[in-house]
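According to the UniProt record's numbering, the sequence shown is numbered sequentially starting from 1.
For glycine and all other residues, C-beta sits at the position ideal for the given N, C-alpha and C.
Encoded as structure tokens, the structure appears first; notes follow it.
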Amino acid sequence: MRCTSFSSFSLSLEDALHLLQRFLYSSNQIKQIHTVLLTSNALVASRWKTKCVYNTLIRSYLTTGEYKTSLALFTHMLASHVQPNNLTFPSLIKAACSSFSVSYGVALHGQALKRGFLWDPFVQTSFVRFYGEVGDLESSRKMFDDILNPCVVACNSLLDACGRNGEMDYAFEYFQRMPVTDVVSWTTVINGFSKKGLHAKALMVFGEMIQNERAVITPNEATFVSVLSSCANFDQGGIRLGKQIHGYVMSKEIILTTTLGTALLDMYGKAGDLEMALTIFDQIRDKKICAWNAIISALASNGRPKQALEMFEMMKSSYVHPNGITLLAILTACARSKLVDLGIQLFSSICSEYKIIPTSEHYGCVVDLIGRAGLLVDAANFIQSLPFEPDASVLGALLGACKIHENTELGNTVGKQLIGLQPQHCGQYVALSTFNALDSNWSEAEKMRKAMIEAGIRKIPAYSVLT
Numbered sequence: 001m002r003c004t005s006f007s008s009f010s011l012s013l014e015d016a017l018h019l020l021q022r023f024l025y026s027s028n029q030i031k032q033i034h035t036v037l038l039t040s041n042a043l044v045a046s047r048w049k050t051k052c053v054y055n056t057l058i059r060s061y062l063t064t065g066e067y068k069t070s071l072a073l074f075t076h077m078l079a080s081h082v083q084p085n086n087l088t089f090p091s092l093i094k095a096a097c098s099s100f101s102v103s104y105g106v107a108l109h110g111q112a113l114k115r116g117f118l119w120d121p122f123v124q125t126s127f128v129r130f131y132g133e134v135g136d137l138e139s140s141r142k143m144f145d146d147i148l149n150p151c152v153v154a155c156n157s158l159l160d161a162c163g164r165n166g167e168m169d170y171a172f173e174y175f176q177r178m179p180v181t182d183v184v185s186w187t188t189v190i191n192g193f194s195k196k197g198l199h200a201k202a203l204m205v206f207g208e209m210i211q212n213e214r215a216v217i218t219p220n221e222a223t224f225v226s227v228l229s230s231c232a233n234f235d236q237g238g239i240r241l242g243k244q245i246h247g248y249v250m251s252k253e254i255i256l257t258t259t260l261g262t263a264l265l266d267m268y269g270k271a272g273d274l275e276m277a278l279t280i281f282d283q284i285r286d287k288k289i290c291a292w293n294a295i296i297s298a299l300a301s302n303g304r305p306k307q308a309l310e311m312f313e314m315m316k317s318s319y320v321h322p323n324g325i326t327l328l329a330i331l332t333a334c335a336r337s338k339l340v341d342l343g344i345q346l347f348s349s350i351c352s353e354y355k356i357i358p359t360s361e362h363y364g365c366v367v368d369l370i371g372r373a374g375l376l377v378d379a380a381n382f383i384q385s386l387p388f389e390p391d392a393s394v395l396g397a398l399l400g401a402c403k404i405h406e407n408t409e410l411g412n413t414v415g416k417q418l419i420g421l422q423p424q425h426c427g428q429y430v431a432l433s434t435f436n437a438l439d440s441n442w443s444e445a446e447k448m449r450k451a452m453i454e455a456g457i458r459k460i461p462a463y464s465v466l467t
């Protein structure tokens, strides 16, 4: 099929609007239409129609992920003396947010205020979401407070802003006071609790959603993904609920998208049910990187490291490029198989070939890889060679290896370094006390316990839903 080309045409503004709507998701066609409009001077024909075309172009580039072009168009719009309207700003604010351009978002705030559009509820709601996403919860809440009679969309934007910034107590309190809620409201609260690690609360809210007496709220894919994340990270009760959700998905013949399929796969992987995880993986039609990462991680963490490495080769054969999460899973697989040389080789080649910049978490995995094989001196030397001061994830990996191989001397040295980094972390004191007890050094073990008490630290008790 021949690609549609507009390079030899001149377009009226009406035609341009029609074509932009038609090719909303096609980057190449949008660029061609834009080029024709510029070369034919059509954008100076009518102020009202030109304004509509600019708004549509801004939205079109936003849809295709070309956020900076959307923002540049606004500058061109003002330079051409075309006045924006209230419909111009929501797309621009979203573009500023998606491109992580905080300064441009603040500048848009000033433009909206200057031109009298800051009191438009759609513009206000867009700013509530923008400030929430860039981490300025105070400005987000202030903007929300200025909205007269906020609709459910505005309320949901506030819930999302609070959730993103860890203020789930306030979010849940406000959610309970909302006169009208929808599936987005419920899902936002569930997701907020799940992201903060409050999985019991996430599952509780999901239960209330299902049994809601005020209105029938049907969960959507985003709801299931958030709930399944909590199911995967909770206890056996969470796994049972996750299996029920899986049954519901099957009974409704819901297509397993990459996102939903990966959530199910991750849950079964963390539950150790690899056969079901592999079955889910096979059922996902469009296998994106997140699905490959989940199955590789599941295999690596559940005693099948060689199969995880085979899956990695299959992923590359499918022309899916690995990312930082893939690298973590591969290093884990090599560590579990004690394939030190292969792990180091893959670490170097993956970073080089796919332009992955290693983080401290990756270096921690390399330390774990070397240390698990019993090469504790080599692991310590590797840490010494790092271009930065080792953090808790790197030192913690070496401490774990010392514990596996009962090297109390090195373990004590590393443990004291960790206490220096995390003086309020109970785990470091407990680990050091355990090392000294293993070495029958009871006085040092007791000293660690006393230091823990004097620092006002107490061991976090295990949690059970049965108590």
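- The C-alpha of Phe144 is placed about 21 Å away from the C-alpha of Ser101.
- The beta carbon of Cys162 sits closer than 6 Å to the beta carbons of Tyr170, Ala171 from its chain, once the five residues preceding and following it are set aside; these are given in chain order.
- For Gln176, the closest alpha carbon among the candidates Lys196, Cys155, Gly166 is that of Cys155.
- Residue state for Ile357 is assigned as coil, using DSSP reduced to three classes.
- Counting only runs of at least 4 residues, the stretch 239–279 fully encloses the following alpha helix (DSSP H) elements, listed from N- to C-terminal order: 258–270.
- Between Pro121 and Phe281, the alpha-carbon positions lie close to 43 Å from each other.
- Taken in chain order, the whole alpha helix (DSSP H) runs of length 4 or more contained in the stretch 128–207 are 137–145, 152–164, 168–177, 183–195.
- Contact between Val340 and Leu369 holds: their C-beta atoms lie close to 6 Å from each other, under 8 Å.
- Taken in chain order, the complete alpha helix (DSSP H) segments of 4 or more residues contained in the stretch 347–425 are 360–372, 376–384, 392–404, 408–421.
- The Cβ atoms of Thr125 and Val153 sit closer than 8 Å to each other.
- In this chain, the alpha helix (DSSP H) harbouring Pro90 covers 88–98.
- With respect to Leu274, Asn302 sits close: the two C-beta atoms are nearer than 8 Å.
- Our two residues, Thr259 and Ala291, have alpha carbons roughly 8 Å apart in a direct line.
- Membership of Glu66 in any alpha helix (DSSP H) is not indicated, and neither H nor E is assigned to it by DSSP.
- Excluding its 5 nearest sequence neighbours in each direction, Leu328 has C-beta neighbours in its own chain below 7 Å: Glu361, His362, Cys365, listed in chain order.
- Closest option to Ser297, judged by alpha-carbon separation, among Ala333, Lys287, Val134, Gly132: Ala333.
- Two segments are said to touch when three or more pairs of C-beta atoms, one from each, lie closer than 8 Å; by this definition the stretch 371–386 does not touch the stretch 347–359.
- A Cβ-Cβ distance of about 17 Å is found for the pair Thr50 and Tyr61, leaving them out of contact under the 8 Å criterion.
- Nearest to Met204 by alpha-carbon distance, out of Ala271, Asn191, Asp182, is Asn191.
- With 16 or more neighbouring CB atoms inside 10 Å of its own CB, Thr223 falls in the buried class.
- Judged by DSSP secondary structure, Pro305 falls within the alpha helix (DSSP H) whose first and last residues are 305–317.
- About 6 Å separates the Cβ atoms of Gly411 and Leu399, confirming a contact at the 8 Å cut-off.
- Going by beta carbons, Gly269 and Ile284 fall outside the 8 Å limit.
- Just measuring C-alpha positions, the residue of Asp235, Leu71, Lys31 sitting nearest Ala96 is Leu71.
- For Arg336, the enclosing alpha helix (DSSP H) stretches over residues 324–337.
- Inclusion of Ser98 and Tyr67 in the CB contact set at 8 Å is warranted, their separation being smaller than that value.
- For the pair Pro84 and Arg115, the CB atoms are nearer than the 8 Å cut-off.
- In this structure, the alpha-carbon of Lys94 lies about 17 Å from that of Met77.
- In the structure shown, Ile217 falls within a coil segment according to DSSP collapsed to helix, strand and coil.
- When only Cα atoms are considered, Leu418 and Leu265 end up about 35 Å apart.
- Leaving aside the five residues that flank Val414 on each side, the residues in its chain whose CB is nearer than 7 Å to its CB run, in chain order, Leu395, Leu398, Leu399, Cys402.
- When C-alpha distances from Met267 are compared across Leu87, Arg141, Val227, the shortest belongs to Val227.
- Taken through DSSP and simplified to helix, strand or coil, Asp120 comes out as coil.
- Less than 8 Å separates the beta-carbon of Leu92 from that of Leu108.
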